[in-house]
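Shown next, in structure tokens, is the structure this report addresses.
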Amino acid sequence: MEEKDQYIIRQETMALLPCDAEDGSLKTFVVEENKTILIAKTPFEIIRDSCNYFGVTYSGRKKGAVAMGYKSMPPICICSELGIYFFPLMSELHRNCIWLAHPHCRNYTETDNGVLVHLTHGYKIRIPVNLNVFKAKVHRTAQYSYQMLGRVSQFRSAGYGSAVSEEQSASRLMVNERGTYYID
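Residues in the sequence shown are numbered from 1 upward in steps of one, following the UniProt record's numbering.
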């Protein structure tokens, strides 16, 4: 199995699973679409570092989700442009916290001691959580990602450098002697 010191979440990242190392430290099994990698960081550190990589802080992402009404253990948008949304199955600081990528959760079934999560590419993970709790987390992450998409899409433009209309070209912004602007 491949081992690394660093890891940045990408679209093919499906799950972050905590793993006890022989020395007692906590590492992470990163489950990707076609492989599993052992990373010498905790799942939370990978989430935090990935947020930072994409230009935001984990704290900022969490505060944003809370401001949108997702108060307890909110889903986290790692990168809205790439559609990467993860949700924790318990408090993010808990040693056994599992993080799942919402876009990869295809189905789930109840088992005797938890839930069997069916991910993309036929991968299955058994997780020790109540089915109703899991359903609620999946549904609220779907709602959160839908709300984020709606908020972002209303501000998307057709593109930079598009043709200027006659009305726009007729009016020119000019600087006056005080350093403020007026329309000519």
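Every residue, glycine too, gets a C-beta built ideally from N, C-alpha and C.
Boundaries (first-last residue) of the beta strand (DSSP E) holding residue i
i	result
P18	T13 to D20
L82	Segment: none, L82 is in no beta strand (DSSP E) and carries neither H nor E.
Among the options, nearest to residue i - alpha-carbon criterion
i	options	result
S59	Q11, L93, L38 and K35	L93
Y41	G24, T57 and V117	Note that residue 41 corresponds to Lys in the displayed sequence, not to Tyr. The candidate whose alpha carbon is nearest that of K41 is G24.
L131	N176, D49 and G114	G114
C19	I98, C51, E33 and D49	I98
P88	E110, M14 and Y181	M14
C51	T109, I84 and S145	I84
L17	G64, S153, K27 and I76	K27
N107	S80, E81 and V138	V138
T111	P128, E177 and G122	P128
C79	M148, L173 and Y70	M148
F44	L173, G150 and M73	M73
M1	E12, V30 and E22	V30
M90	S157, A136 and S145	A136
H118	E33, D5, K4 and E3	E33
Y146	I183, R178, T109 and I76	I76
F54	I37, T109, Q11 and C105	Q11
R140	V175, A65, Y181 and L82	A65
T36	R48, H121 and G69	H121
I133	F155, K4 and T109	The question names Ile, but residue 133 is Val in the sequence shown. Considering only alpha carbons, the answer is T109.
R95	V56, Y181, A21 and V175	A21
Buried or exposed by the 16-neighbour rule on C-beta atoms within 10 Å, applied to residue i
i	result
I39	buried
F86	buried
residue 206	One cannot answer for residue 206 here, as it falls past the ends of the chain, which runs 1 to 184.
I9	buried
H102	buried
K62	buried
A67	exposed
Y144	buried
L100	buried
Y70	buried
I125	buried
For residue i: DSSP bridge partner residues
i	result
L38	E3 and F29
M90	Answer by DSSP bridge pairing: none, since M90 is not bridged.
M174	Y182
I76	F86
For residue i, the first and last residue of its enclosing alpha helix (DSSP H)
i	result
G46	It should be pointed out that residue 46 corresponds to Ile in this sequence rather than to Gly. Where I46 is concerned, the enclosing alpha helix (DSSP H) stretches over P43 to Y53.
residue 185	Outside the shown range of the chain (1 to 184) lies residue 185, about which nothing can therefore be said.
Test: residue i CB closer than 8 Å to a CB of chain C
i	result
V115	The structure shown has no chain C; it contains just one protein chain.
| task | Could you name each continuous beta strand (DSSP E) segment of 3 residues or more that falls completely within the segment 95-163, going from the start of the chain to the end? | result | Listed in chain order, the complete beta strand (DSSP E) runs (minimum 3 residues) inside the segment 95-163 are 99-101, 105-111, 114-119 and 124-127.
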